[in-house]
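Peer 1:
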Amino acid sequence: MRHRDRTKRLGRSASHRTALRRSMTISLFRSFGGRGYIVTTREKAKFCRPFAERLITLAKDDSVHRRRVAAARLGDKDSVRKLFGEIGPAFKERPGGYTRIIKLSARRIGDNATQVLFGFVPKGEPAAKA
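See the structure below:
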């Protein structure tokens, strides 16, 4: 039974899920300043979103400790540099909700999975009221 089991498994082992989360977040961070989004499935985007949001919150204040924590979680020096150099300062005044998921009309050929744009909120867009 899977009662009270909060982990999304995505049909992968724990190490595969960790690698997927890291690689998708690195791809998202690399897209910042260019397209600003990646195309993926809805479930993968929902799985990676909290991880990316926490890293962006971490990068809002720059310190050696925070950089080391981000480097340990991401495992990519270039993405950490971009996170603290561009992404963190860009969202300095925003209290949260740095990413968004937009459904696409086209579904993936093969398994008919729902495709989404997983990307950053535009800089001028105000935060939603609670």
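FYI, the numbering used here numbers position 19 of the sequence shown as 1032, with every residue one higher than the one before it. From the three backbone atoms N, C-alpha and C, an ideal C-beta is built for every residue, glycine too. In this text the structure is predicted, and so the values were computed from the model without any measurement.
#1: According to the neighbour-count rule (16 or more other Cβ atoms, all chains shown, within 10 Å of its Cβ), is residue 1122 buried or exposed?
#2: Whole beta strand (DSSP E) runs in the segment 1014-1098 with 3 or more residues, listed along the chain?
#3: Are the Cβ atoms of residue 1140 and residue 1113 separated by less than 7 Å?
#4: Confirm, please, whether the CB-CB distance from residue 1085 to residue 1068 is below 7 Å.
#5: Counting beta carbon pairs with one atom in the segment 1016-1034 and one in the segment 1069-1081, are three or more of them shorter than 8 Å?
#6: Quick check: what's the CA-CA separation for residue 1119 versus residue 1060?
#7: Whose C-alpha, out of 1026, 1099, 1132, is nearest the C-alpha of residue 1050?
#8: Let me know if residue 1037 comes out buried or exposed under the rule of 16 or more other beta-carbons within 10 Å of its beta-carbon.
#9: Residues bridged to residue 1104 by DSSP?
#10: Cα separation between residue 1055 and residue 1081?
#11: Whole-angstrom Cβ separation of residue 1115 and residue 1130, contact assumed at under 8 Å?
Peer 2: Once the coordinates are examined:
#1: Looking up residue 1122 in the sequence shown gives position 109. Residue 1122 is exposed by the Cβ-count criterion.
#2: 1050-1054
#3: Counted from its first residue, the sequence shown places residue 1140 at position 127. Counted from its first residue, the sequence shown places residue 1113 at position 100. No.
#4: In the sequence shown, the residue the question calls residue 1068 occupies position 55. In the sequence shown, the residue the question calls residue 1085 occupies position 72. No, Cβ-Cβ distance for residue 1068 and residue 1085 is not below 7 Å.
#5: no
#6: One-based indexing of the sequence shown puts residue 1119 at position 106. One-based indexing of the sequence shown puts residue 1060 at position 47. Looking at the two C-alpha atoms, the distance is approximately 21 Å.
#7: For the purposes of this step, residue 1050 is taken as residue 37 along the sequence shown, with counting starting at 1. The candidate whose alpha carbon is nearest that of residue 1050 is 1132.
#8: Taking the first residue of the sequence shown as position 1, residue 1037 is located at position 24. When all chains shown are included, residue 1037 counts as buried.
#9: Here residue 1104 corresponds to residue number 91 of the sequence shown, with the count starting at 1. Answer is none; residue 1104 lacks a bridge partner.
#10: Working through the sequence shown from its first residue, we reach residue 1055 at position 42. Working through the sequence shown from its first residue, we reach residue 1081 at position 68. Cα to Cα, the separation comes out at about 30 Å.
#11: Taking the sequence shown and counting its residues from 1, the one referred to as residue 1115 is at position 102. Taking the sequence shown and counting its residues from 1, the one referred to as residue 1130 is at position 117. At roughly 4 Å, the Cβ-Cβ gap stays under 8 Å, so residue 1115 and residue 1130 are in contact.
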